[in-house]
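According to the numbering used here, the residues represented by the sequence shown are 2 to 471, in order.
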Amino acid sequence: MLHLPERKALDELSEDKIRMVYALADKMPDETLRGLFKEQLRHRLKKIRPLRKLTAERLFCLPFESLLSNDVPRPRQPGAIPRACVNPLWAHVLEHLDDVEAAQGIDASGEYLMDEPCPLVEHRRLFASFAGAVQVIRDKLGTDRQLRAGLAAKHPDLPDVIQEVHALYQMRDAVMTARRQIQASEQLVGIGDQYVQSVMALGREASLGKGGDQSWYKLFFMVLLMDQDLADHTGPLIEALAENKGGRGVPSVASDLCEALVNKEGETLKAGFAMPLATPDDLNGAADQVRAAIESLGVLRVAAPHLNQRIGQRIDKVETRIHDFLGDRFTKAAEESVTAFTSPEGQALPTPDQIKDLTRTILAISKVNNALRNVLEAPADLKALTEETVAVVGGRLDQIAASRAGAGTREKQDALSVAVQVARSLEPISNEDTVMSLLEDCAVRLGFAESADPTQFFLKIIHAMNANHA
């Protein structure tokens, strides 16, 4: 009989291996087993970008995927492509595609879309075919008023979006070269900001003489800066543009790019803050999102003095939204999670799952506190929760000690072992002295001899925990 892997084993797999396993699972002939296996993988797929079926439409969207947005502010900023434009645009591309059979073959392949650009020859041919179709549509827009009106009727931004998609397809090779150079810089020690100058040169060359303005130049950098895989390199690129390095990197370009990045952070947070906070994993997901947003906004703040005043105001609004979320929904959910641990029914010791939930909750609290440090003032309720958590968990340790004070040696050792795990869960929001003091009080109440030397005292605790377990 075939046994499915344990969830713990799946948790240890890398993201690439999870994607590979998921792709293999989708090909399992047994429908019931396939469903069970994919369900086991689902918790990992929520943490990483889920696998998507490879379709011709998704392949077409790859050169501008990072610019797609569900909620585009009005008036629309250049480079913000509404998702609602994709379907009508794709329908027109299909009408002008010179290799429809190749596109249909992609749809029928049943393959999955990989993160990296596919090197397959048929995919490269399709990209060329897509570029040709978009150019035909774009050229017709210049002379056919009826076509423009028809496209605008399907979506008011569609005619302008077609112009931008055309530009991005014309610059696709340069963008991919820049992306590879940025990623390669992570592996090359001592390269400094040399790759930034190279990327800026690629942008200048790709946009040279295109329309006599900076719209292509902005799009070139926007598609790179909006790519979440390149998020760690936002700062150097924005800073170089803001400081007018390389001639065409004028502050107005950097201002427009920064505004787009701030809007993107706001949209991401808006969606994230609407998600439920029912479990410690939910809390950690929200904490990770807040931490990433604060880091990103911090990078933009460094460039803000070189930019227009509006950028700083927009950053202030997003930071206020973060502050309000942490002080309200996040704090309430974290408090409920801590209370679930510290208000047990009966005298039973905490279970490993309960201790894990407490540890994960405290980790989430620690993440947001660390993210806010030296950047934003922590909400008063969040500060209070952090302090109260140490106190109420200390009270739970007292309960553990009291419930086993009159028990036998083995039960006391078990209680002390649990107490160590509970006390250590406080480390992210407390300090070593506090944790050791709580443990010392618990151990003394359980009947273990106190020592004037803390080191000797804890050696006795360890010895007591290990006694009779050999």
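The C-beta atom is built at its ideal place from N, Cα and C for all residues, glycine as well.
Predicted model, so just to flag it, every value in this text is computed and none were measured.
Check	Outcome
Could you check which residue in ASP382, LEU225, LEU242 and GLU320 has the C-alpha nearest to that of ALA179?	LEU225
Tell me whether ALA272 is buried or exposed, calling it buried when 16 or more other Cβ atoms sit within 10 Å of its Cβ.	exposed
My understanding is that LEU383 touches GLY328, with C-beta atoms under 8 Å, so please give their C-beta distance in whole angstroms.	6 Å
Helix, strand or coil, according to DSSP, for ARG53 in the structure here?	strand
Buried or exposed for ARG276, going by 16 or more other Cβ atoms inside 10 Å?	As written in the sequence, residue 276 is Met, which differs from the Arg given in the question. Looking at its Cβ environment, which holds fewer than 16 other Cβ atoms inside 10 Å, MET276 is exposed.
Run through the DSSP bridge pairs and tell me what ILE82 is partnered with.	LEU69
For GLU165, would you say it is in contact with chain D, using Cβ-to-Cβ distances shorter than 9 Å as the test?	In summary, chain D is missing from the structure at hand, where a single protein chain is found.
Mark LEU1 as exposed unless 16 or more other C-beta atoms lie within 10 angstroms of its C-beta, in which case mark it buried.	Missing from the structure shown is residue 1; the chain here goes from 2 to 471 and no further.
So, for PRO353: in the same chain, excluding its five sequence neighbours on each side, which residues have a beta-carbon less than 6 Å away from its beta-carbon?	none
In whole angstroms, what separates the C-alpha of ALA379 from that of LYS413?	40 Å
Helix, strand or coil for MET201, going by three-state DSSP, please let me know.	helix
Could you give the uninterrupted runs of the alpha helix (DSSP H) lying entirely in the region 318–400, keeping only those of 4 residues or more?	332–343 and 353–373
Roughly how many angstroms lie between the CA atoms of ILE192 and LEU447, to the nearest whole one?	Caution is warranted here: a pLDDT of 48 is assigned to ILE192, below 50, making its placement in the model unreliable, and no coordinate value can be reported.
Can you tell me the Cα-Cα spacing of SER367 and LEU238, whole angstroms?	30 Å
In terms of alpha-carbon separation, which member of GLY236, ALA381, ALA341 and THR56 lies closest to PRO281?	ALA341
Taking the beta carbon of ALA134 as the centre, do at least 16 other beta carbons fall within 10 Å, making it buried, or is it exposed?	buried
Where do the N-terminal and C-terminal ends of the alpha helix (DSSP H) with CYS221 fall, by residue?	What sits at residue 221 in the sequence shown is Phe, not Cys. Looking at the DSSP string, the run of the alpha helix (DSSP H) that includes PHE221 is 216–226.
Taking the alpha-carbon positions, what's the GLN229 to GLU441 distance?	46 Å
With PRO89 and HIS156 assumed to form a contact (beta carbons below 8 Å), what rounded beta-carbon distance in angstroms separates them?	6 Å
State buried or exposed for ALA104, treating a residue as buried only when at least 16 other CB atoms are found within 10 Å of its CB.	buried
Decide if ASP158 is buried, meaning its Cβ has at least 16 other Cβ atoms within 10 Å, or exposed.	buried
Output the distance between the C-alpha atoms of LEU148 and GLN164, rounded to the nearest integer angstrom.	14 Å
CA-CA distance, GLN78 and ALA392?	50 Å
Let me check understanding here. Comparing Cα to Cα, which of LEU301, THR332, GLN314 and LEU258 lies closest to LEU284?	THR332
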